[in-house]
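Undergrad: First the structure, which I've put down as structure tokens, then a few questions once you've had a look.
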Amino acid sequence: MIFKSNHPDIEIPQDGIFQYVMSNQKGISDNKIIYLDGNTSKGYTFGKLKSESKRFAAGLRDKVGFKPGDVLAIYSPNQVDYPMVLLGTIAAGGKVTPVDPKYVASELSYQLLDSGASILIVHPDLLEIAIAASKGINNPNLGYFYLGATLIIFPSYNIETFCRCIQKYKIDYIHAAPPVILDLINYSDAKKYDLSSVKIIVSAGAPLGFELEYMFYELFKIRIKQAYGLSEALFVHYSDSNNIITGSCGILLPNIKVKILSNDGHELGTKEPGELCVHGPSIMKGYLNNPSAMNAAFDNDGFLHTGDIAYVDGQGFILIFDYISN
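Under the UniProt record's numbering, the residue at position 165 of the sequence shown is numbered 165, and the numbers go up by one with no gaps.
Right under this line is the structure:
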């Protein structure tokens, strides 16, 4: 059977992502800090993000001949300028291929060739690897703020910096993978920091066991909501603040449908575990230059195979507890 969201469908905006985000439907002040580097305190206000994104887009078009449909690669760790480059590329009509900053030269070369990137934006610390990668490429052209919140960005993660920034910036809403939750539980100095500003933590990336969730609450009295998503589909279900079932990653978001499939491809019902398959407007269009992977990822009805094992309970809550493929 096909499971639908308990929420009513919502209207999907037809604007481009840059136009939609910059339309400022929430009335954000241009002076509001949107992105902030947790180490250096360098930041972008909403007004600066708008103007710098547009300047970057104009520079791509006018200085390097970047055209709509062209691909730009970003080879960088988390960094406060990253959103500006991303939005500026989209404003210029381009596509972005983010590169894992842990990639070595051969892996970087492969992604640049496979994606057809004509521009490469590189973090200074990775420049030597980028130069080495470019030598193997025969390509002469290679060169949360919608809501008005401030996003604290870390170039790299460590538990001490994490706790320090929570205290310094009075962070109230956190996205964290289960290993971060475990770090907080095991970090003996965590109680030395004032974490009282945190109202909720959203855990995603892997299932968070009941024991860890309970242990964390007993230590910090902070509620954890679990969410589920993947690169190909963004978030597809999420725990409502007032209706959290421990161990569940919530109910389906509006406009999202799922089905649970058995090993032989039959649709399963409530409380029957199988592969989770999802359908909705946030699902990717496909894998670039890889039609065979595209065909394997989707069934004939347009549902994306996630490779994760889940089941749906009688109230529409989804529990993820294993995976077929990563």
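We put the CB at the ideal spot given by N, CA and C, even for glycine.
Would you mind reading off the limits of the alpha helix (DSSP H) that contains Ala58?
TA: Walking along the sequence shown from the start, residue 58 turns up at place 58. Note, Ala58: alpha helix (DSSP H), 46 to 64.
Undergrad: Rounded to a whole number of angstroms, what is the C-alpha to C-alpha distance between Asn139 and Ser118?
TA: In the sequence shown, residue 139 corresponds to position 139, counting from 1. In the sequence shown, residue 118 corresponds to position 118, counting from 1. Below a pLDDT of 50, predicted positions are generally treated as unreliable, and Asn139, at 47, falls in that range; the measurement from the model is reported next regardless. So the alpha carbons of these two residues sit roughly 8 Å apart.
Undergrad: Return the Cβ separation of Arg223 and Ile245 in integer angstroms, given the expectation that the two are a contact with Cβ distance under 8 Å.
TA: Looking up residue 223 in the sequence shown gives position 223. Looking up residue 245 in the sequence shown gives position 245. About 12 Å separates the two Cβ atoms, so there is no contact after all.
Undergrad: Between Asp30 and Lys63, what straight-line distance do the alpha-carbon atoms span, to the nearest angstrom?
TA: The residue labelled residue 30 in the question sits at position 30 within the sequence shown. The residue labelled residue 63 in the question sits at position 63 within the sequence shown. Roughly 28 Å separates the two Cα atoms.
Undergrad: Helix or strand or just coil, what does DSSP make of Gly88?
TA: On the sequence shown, residue 88 is found 88 positions in, with the first residue counted as 1. Helix.
Undergrad: Would you mind sorting Glu272 into buried or exposed? The rule is 16 or more other CB atoms within 10 Å of its CB.
TA: In the sequence shown, residue 272 corresponds to position 272, counting from 1. It counts as exposed.
Undergrad: Identify the continuous alpha helix (DSSP H) that holds Val180 and give its terminal residues.
TA: What you label residue 180 is simply residue 180 of the sequence shown in a count that begins at 1. Looking at the DSSP string, the run of the alpha helix (DSSP H) that includes Val180 is 178 to 186.
Undergrad: Alpha carbon to alpha carbon, what distance is there between Gly265 and Val312?
TA: Along the sequence shown, one-based indexing puts residue 312 at 312. Along the sequence shown, one-based indexing puts residue 265 at 265. Those two C-alpha atoms are separated by around 17 Å.
Undergrad: Is Pro207 closer than 8 Å to Phe56 when the C-beta atoms are compared?
TA: Here residue 56 is taken as the residue at index 56 of the sequence shown, counted from 1. Here residue 207 is taken as the residue at index 207 of the sequence shown, counted from 1. Their beta carbons are not under 8 Å apart, which means Phe56 does not touch Pro207 by this criterion.
Undergrad: Helix, strand or coil for Ala73, going by three-state DSSP, please let me know.
TA: Start at 1 with the first residue of the sequence shown, and residue 73 comes out as number 73. Three-state DSSP puts Ala73 in a strand.
Undergrad: Helix, strand or coil for Lys259 per DSSP?
TA: If you number the sequence shown from 1, residue 259 lands on position 259. If DSSP states are grouped into helix, strand and coil, Lys259 belongs with the strands.
Undergrad: From the DSSP output, read off the bridge partner residues of Thr97.
TA: For the purposes of this step, residue 97 is taken as the residue at position 97 of the sequence shown. The partner list for Thr97 (beta bridge, DSSP) reads Ala73.
Undergrad: If you run the structure through DSSP and keep just helix, strand and coil, what is Gln167?
TA: Working through the sequence shown from its first residue, we reach residue 167 at position 167. Looking at Gln167 - three-state DSSP - the assignment turns out to be helix.
Undergrad: Which value, in whole angstroms, describes the spacing of the CA atoms of Leu120 and Glu232?
TA: Here residue 120 is taken as the residue at index 120 of the sequence shown, counted from 1. Here residue 232 is taken as the residue at index 232 of the sequence shown, counted from 1. Cα-Cα distance, rounded: 23 Å.
Undergrad: Smallest Cα separation from Tyr187: which of Phe220, Asn289, Glu211?
TA: On the sequence shown, position 187 is the one that residue 187 refers to. Comparing Cα-Cα distances from Tyr187 to each of Phe220, Asn289, Glu211, the minimum goes to Phe220.
Undergrad: Just to check my reading of the structure: Val278 and Val236 have Cβ atoms closer than 8 Å, yes? What is that Cβ distance to the nearest angstrom?
TA: As a position in the sequence shown, residue 278 is number 278, starting the count at 1. As a position in the sequence shown, residue 236 is number 236, starting the count at 1. Rounded, the Cβ-Cβ distance is 5 Å, consistent with contact.
Undergrad: Counting Cβ pairs closer than 8 Å, one from the segment 47 to 54 and one from the segment 155 to 170, do we hit at least three?
TA: Taking 8 Å as the limit for Cβ pairs, the verdict is that the segment 155 to 170 does not touch the segment 47 to 54.
Undergrad: With DSSP run on the structure shown, which of helix, strand or coil describes Glu128?
TA: Walking along the sequence shown from the start, residue 128 turns up at place 128. Here Glu128 sits in helix by DSSP.
Undergrad: When the Cα of Lys259 is compared with those of Phe298, Ala293, Gly286, Ile153, which residue comes out closest?
TA: In the sequence shown, counting from the first residue as 1, residue 259 sits at position 259. Of Phe298, Ala293, Gly286, Ile153, the residue nearest in Cα terms is Phe298.
Undergrad: Could you give the residue range of the alpha helix (DSSP H) that holds Asp194?
TA: The residue given as residue 194 occupies position 194 in the sequence shown. Segment: none, Asp194 is in no alpha helix (DSSP H) and carries neither H nor E.
Undergrad: Taking only three categories from DSSP, how would you classify Val21?
TA: In the sequence shown, the residue the question calls residue 21 occupies position 21. Looking at Val21 - three-state DSSP - the assignment turns out to be helix.
Undergrad: Since Tyr169 and Ile181 are thought to touch, with beta carbons under 8 Å apart, how far apart are those beta carbons, to the nearest angstrom?
TA: Within the sequence shown, the letter at position 169 stands for residue 169. Within the sequence shown, the letter at position 181 stands for residue 181. With 8 Å as the limit, Tyr169 and Ile181 do not qualify as a contact, their Cβ atoms being about 20 Å apart.
Undergrad: Can you tell me the Cα-Cα spacing of Ala204 and Ser248, whole angstroms?
TA: For the purposes of this step, residue 204 is identified with residue 204 of the sequence shown, where counting begins at 1. For the purposes of this step, residue 248 is identified with residue 248 of the sequence shown, where counting begins at 1. Distance between the alpha carbons of Ala204 and Ser248 is about 11 Å.
Undergrad: Contact between the segment 93 to 104 and the segment 34 to 44: three or more CB pairs below 8 Å?
TA: At 8 Å Cβ cutoff, the stretches do not touch.
Undergrad: On the premise that Gly250 lies in contact with Phe317, defined as a C-beta separation below 8 Å, what is that separation, rounded to the nearest angstrom?
TA: Walking along the sequence shown from the start, residue 317 turns up at place 317. Walking along the sequence shown from the start, residue 250 turns up at place 250. Going by Cβ atoms, the distance from Phe317 to Gly250 rounds to 7 Å, so yes, they are a contact pair.
Undergrad: Which residue's Cα is closest to the Cα of Asp37: Phe216, Asp183, Thr161, Gly269?
TA: Looking up residue 37 in the sequence shown gives position 37. Comparing Cα-Cα distances from Asp37 to each of Phe216, Asp183, Thr161, Gly269, the minimum goes to Thr161.
Undergrad: Spatial neighbours of Thr89 within its chain, please: C-beta separation below 6 Å, excluding the five flanking residues on both sides.
TA: Against the sequence shown, residue 89 aligns to sequence position 89. Result list for Thr89: Leu72, Val96, in chain order.
Undergrad: Give the secondary structure of Phe210 by DSSP, where H, G and I count as helix, E and B as strand, and everything else as coil.
TA: Position 210 of the sequence shown, counting from 1, holds the residue named residue 210. Of the three classes helix, strand and coil, the one that applies to Phe210 here is helix, per DSSP.
Undergrad: Quick check: the segment 280 to 293 against the segment 13 to 21, are at least 3 beta-carbon pairs closer than 8 Å?
TA: The answer is no - the segment 280 to 293 does not touch the segment 13 to 21, with fewer than three Cβ pairs under 8 Å.
Undergrad: Determine the DSSP secondary structure at Asn138, reduced to helix, strand or coil.
TA: As a first step, residue 138 is located in the sequence shown; it is residue number 138 there, counting from the start. For Asn138, the pLDDT reaches just 47, beneath the cut-off of 50, and the residue's location in the model is therefore unreliable, although a value from the coordinates is still provided. The answer is coil: DSSP assigns Asn138 none of H, G, I, E or B.
Undergrad: Take the Cβ of Met84 as the centre, count every other Cβ of all protein chains shown within 10 Å, and call the residue buried at 16 or more, exposed below.
TA: Counting from one through the sequence shown, the residue named residue 84 turns up at place 84. Buried, by the Cβ-count rule.
Undergrad: For the alpha helix (DSSP H) holding Leu288, just list the boundary residues, first then last.
TA: As a first step, residue 288 is located in the sequence shown; it is residue number 288 there, counting from the start. It is not in any alpha helix (DSSP H) - Leu288 carries neither H nor E in the DSSP assignment.
Undergrad: Would you list the residues sitting across from Asn173 in a DSSP beta bridge?
TA: Here residue 173 is taken as the residue at index 173 of the sequence shown, counted from 1. Checking the displayed sequence, the identity of residue 173 turns out to be Tyr instead of Asn. Tyr173 pairs with Ile200.
Undergrad: For Pro124, count neighbouring Cβ atoms within 10 angstroms of its own Cβ and tell me buried if that reaches 16, exposed if not.
TA: By 1-based counting over the sequence shown, the position of residue 124 is 124. It is exposed - the Cβ of Pro124 has fewer than 16 other Cβ atoms within 10 Å.
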